[in-house]
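Here full-length UniProt numbering is used: the sequence shown runs in plain steps of one and ends on residue 258.
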Amino acid sequence: MSNFSRNLKFLRKKYGLTQQKLADMLKVTRAAVGSYEEGRSKPKFSLLTEMSEFFEVTVTELMNEKINAHWKPKATYATKKLRLLTVAVGVDNSPKVNYVSALAQKQYASEHYDTEYVSTLPQFTFLDLDPRKVYRAFEIKDSAMLPINQEDVVIGEYLEDWSLINPNETYIVVVKEEGVEYRRVGRKIREPKGLQLLADNPAFESFWVPTSEIVEIWKPYSFISKSFPVKSDETELARLSQIMAQMQKSIDTVIHNK
């Protein structure tokens with residue numbers, strides 16, 4: 001039995017899938033999955049790629065590595081690439097936050113590595129920042145992630161290891177020569193496809209950013225809003241329900257006292 005056969009069987013069980021369930025997801029027969037696991041046949045490269053994406057491993061790892069409970073993926077471009085970061089600190093070594101306005105974001109994406117440029121960005125301090133970490137503030141340029149509004153500011157914590165990205169969480173992604181995107185991530189980063197970026201606002205479409213185009217990723221720490229929250233329809237509905245309940249109670253009291 002080849003490493004691929006063992007790996008497929010291990011990963012299928014790790015994900016809690018029967019052969020039939022995996023077959024349904026891959027749009028093949030259960031007999032085909034059984035044949036792959038027993039080493040009697042191998043899938044086409046297109047199907048192999050689909051398997052690797054589903055199990056979040058590379059094709060090379062799926063074919064050649066001995067994947068088991070103790071196995072860990074090797075560092076990829078996303079985790080190995082050396083990224084230089086300019087850090088601002090106060091006189092007491094407390095972290096200062098560089099602010100990147102919407103207008104400055106395209107230039108920041110091109111010159112983020114330039115210490116002289118970064119030092120020209122506005123700076124401010126923020127409560128309870130961890131002095132061991134690096135923070136940056138980005139103005140939101142659109143309404144893709146409501147209730148975070150356009151012109152709100154999201155403070156991000158620098159994420160050095162991109163393998164720690166969690167699907168369905170939000171991140172600030174700095175895209176080479178393009179600017180800054182605040183979006184929800186659809187799945188873990190993939191080589192070389194990159195990240196799938198989703199919007200909470202259905203008016204905005206999802207899109208992919210190739211790994212080679214990503215220069216920085218920041219995990220949201222806090223945000224500053226320029227607008228105060230408005231009483232929601234649910235709150236108003238609850239208030240009306242309370243009024244109606246009080247009215248019904250008053251009517252019941254009147255009827256009871258007749």
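The beta carbon of each residue, even a glycine, is placed where N, CA and C say it ideally should be.
Residue range of the beta strand (DSSP E) that includes residue i
| i | result |
| --- | --- |
| ARG184 | 179-185 |
| residue 259 | Since the displayed the chain opens at 1 and closes at 258, residue 259 lies outside it and no answer follows. |
| SER206 | Premise fails: SER206 is in no beta strand (DSSP E) and is neither H nor E. |
| LYS219 | 214-224 |
| LEU129 | Per DSSP, LEU129 belongs to no beta strand (DSSP E) and is neither H nor E. |
| ASN98 | 97-100 |
| GLY156 | 153-158 |
For residue j and residue i, the rounded distance between their alpha carbons
| i | j | result |
| --- | --- | --- |
| ASP161 | ALA104 | 25 Å |
| LEU198 | ARG184 | 5 Å |
| SER41 | ARG187 | 30 Å |
| LYS14 | LEU26 | 17 Å |
| LYS226 | PRO220 | 17 Å |
| ALA78 | THR211 | Its pLDDT being 47, under 50, ALA78 is placed unreliably in this model, and the value from its coordinates should be taken loosely. Near 7 Å, if we compare the C-alpha coordinates of THR211 and ALA78. |
| ILE140 | LEU164 | 23 Å |
| PHE55 | LYS72 | 13 Å |
| VAL100 | ILE189 | 25 Å |
| PHE126 | PHE223 | 11 Å |
| TYR113 | THR49 | 34 Å |
| LYS133 | ILE217 | 14 Å |
| GLN150 | ALA137 | 14 Å |
| GLY179 | LYS106 | 4 Å |
| GLU111 | VAL153 | 20 Å |
| LYS176 | GLU157 | 19 Å |
| PRO131 | ASN3 | 45 Å |
| LEU17 | PRO202 | 32 Å |
| TYR117 | LEU159 | 21 Å |
| LEU62 | PRO43 | 12 Å |
| ILE214 | ILE155 | 19 Å |
Other residues of its chain near residue i: CB distance less than 7 Å, five sequence neighbours each side excluded
| i | result |
| --- | --- |
| THR29 | ALA23 |
| LYS9 | GLU37 |
Delimiting residues of the alpha helix (DSSP H) encompassing residue i
| i | result |
| --- | --- |
| ARG6 | 3-14 |
| PHE54 | 45-55 |
| LEU62 | 59-64 |
| THR170 | Not the alpha helix (DSSP H): THR170 falls in the beta strand (DSSP E), residues 170-175. |
| TYR108 | 105-111 |
| VAL118 | 115-119 |
Chain-order list of residues whose beta-carbon lies under 8 Å from that of residue i (same chain, five-residue window excluded)
| i | result |
| --- | --- |
| ASN168 | ARG184, VAL185 and GLY186 |
| TRP208 | LYS193, GLY194, LEU195, GLN196 and LEU197 |
| LEU121 | ASN98, TYR99, VAL100, ALA104 and TYR108 |
| ILE243 | none |
Neighbour-count burial assignment, residue i, 16 or more Cβ in a 10 Å radius
| i | result |
| --- | --- |
| GLU38 | exposed |
| PRO95 | buried |
| TYR182 | buried |
| ALA144 | buried |
| LEU146 | exposed |
| ASN7 | buried |
| PHE228 | exposed |
| LYS80 | Any reading at LYS80 must be qualified, since the residue scores a pLDDT of 44, below 50, and its modelled position is unreliable; no value is offered. |
| residue 260 | Beyond the ends of the chain as shown, which are 1 and 258, falls residue 260; an answer cannot be given. |
Close-in-space but distant-in-sequence residues of the same chain around residue i (CB under 6 Å, 5 per side omitted)
| i | result |
| --- | --- |
| GLN20 | ARG30 |
| ALA102 | GLU139 and LYS141 |
| ARG12 | LEU22 |
Residue i beta carbon near the ligand ZN (any heavy atom closer than 7 Å)
| i | result |
| --- | --- |
| ALA109 | Of ligands this structure carries none, so the ligand ZN is not represented either. |
Taking 8 Å as the threshold, find out whether the region 191-210 comes into contact with the region 64-75 through three or more Cβ pairs. Contact between the region 191-210 and the region 64-75 is absent: fewer than three C-beta pairs spanning the two stretches fall below 8 Å.
The region 171-183 in contact with the region 242-250 per 3-pair CB rule at 8 Å: no
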